Amino acid sequence: MVDRIIRHLNHRLIRNFTYCWIPDDPTEENLSGELSHGCLPPNALFIGPLSRLKPLEATAGRLLLILISGPEPQRTSFETLLQVQLKNHEGEVVVVRGLPGHHRLPDPSGQLTWINHLAATDLEGLINKAGLVICRAGYSTIMDLARTQKRAVLVPTPGQTEQLYLAGYLMERLWFPAFRQETFSLPEAIKTAEAFPYKNASISFNRHREVIRRFVSGETIPSSQNAEE
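All residue numbers for the sequence shown refer to this note's numbering, where the first residue is 23 and numbers rise by one.
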């Protein structure tokens, strides 16, 4: 009952705009499931997923890239857990801590590199170079992974229900395996990724271009068919 009231209020506000643009695909081949394909306002319009990254021709190596992000204290909890488990890991690892503006770093060891923050172009290069990415299940991150078509393991931030849903939804569709932070095991995650039958999402990242062109030219753009009238 409460959900219906909140949805009704949201839809009333959204109807004040010409369109409600949704960054996902309108078909079954979508990245967000029920989060954006349920009951929609009548002006809802899918513009396709968006990403600041692009796939490069560089061949992925054996680099393990770990992206830590999200609110505290869960960001630090995940980093602390990884610090312990990475002590026994062999191979090149880069951990991006998600701490822009910070200068201090954990002590480096072996082939482990800690980075506080990266610009988009530098992050793009690392993601394309990585053989495996371990990261949160935020929607922007998921769109970046789909765009670069990288093998990844999702670890949703505890308490963030949308990330927990997305991780489960994408694992069911064989796009990414997922682990809960509370029981996360780095060796188990790597082992699972090696055996996981990754299915690349065949989604266009150019849909928004046509939507914007038609919008700027003043053309009428049909809203989504599953919108609430």
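We put the CB at the ideal spot given by N, CA and C, even for glycine.
These figures come from a predicted structure and were not determined experimentally.
- DSSP assignment within the region 75-115 yields the following whole alpha helix (DSSP H) runs of 4 residues or more, N-terminal first: 96-107.
- Under the Cβ criterion (8 Å, minimum of three pairs), the region 81-96 counts as touching the region 110-130.
- In the DSSP annotation of this structure, the continuous segment of the alpha helix (DSSP H) that includes THR163 starts and ends at 161-170.
- In this structure, ASN138 and PRO128 do not form a Cβ contact; the two beta carbons are roughly 10 Å apart against a cut-off of 8 Å.
- Excluding sequence positions up to five before and after GLU146, its CB lies within less than 6 Å of the CB of LEU75, all in the same chain and listed in chain order.
- Exposed is the label assigned to SER131, since fewer than 16 other Cβ atoms lie within 10 Å of its Cβ.
- The DSSP-derived three-state label of ALA152 is coil.
- The beta carbon of GLN171 lies closer than 7 Å to those of PRO77 and ASN222 in the same chain, with the five residues before and after it left out.
- Per DSSP, reduced to three states, the secondary structure at THR40 is coil, with no helix or strand assignment.
- In the structure shown, ALA215 adopts helical secondary structure according to DSSP, grouped into three states.
- The alpha carbon of GLU114 has as its nearest neighbour, out of THR143, TYR161 and LEU148, the alpha carbon of LEU148.
- In the DSSP assignment, PHE237 falls within the unbroken alpha helix (DSSP H) covering 229-238.
- Taking C-beta atoms as the reference points, VAL175 and ALA215 count as a pair closer than 8 Å.
- Taking a cut-off of 8 Å for Cβ pairs, the region 59-72 and the region 29-36 touch, as three or more such pairs fall below it.
- If you look at LEU134, you'll find it in the beta strand (DSSP E) that goes 134-137.
- Each residue's CA atom was taken as its position, placing VAL233 and LEU140 some 31 Å apart.
- Only residues of its own chain outside the window of five on either side were considered, and among them PRO45, MET165, PHE227 and HIS230 have a CB closer than 8 Å to the CB of LEU72, listed in chain order.
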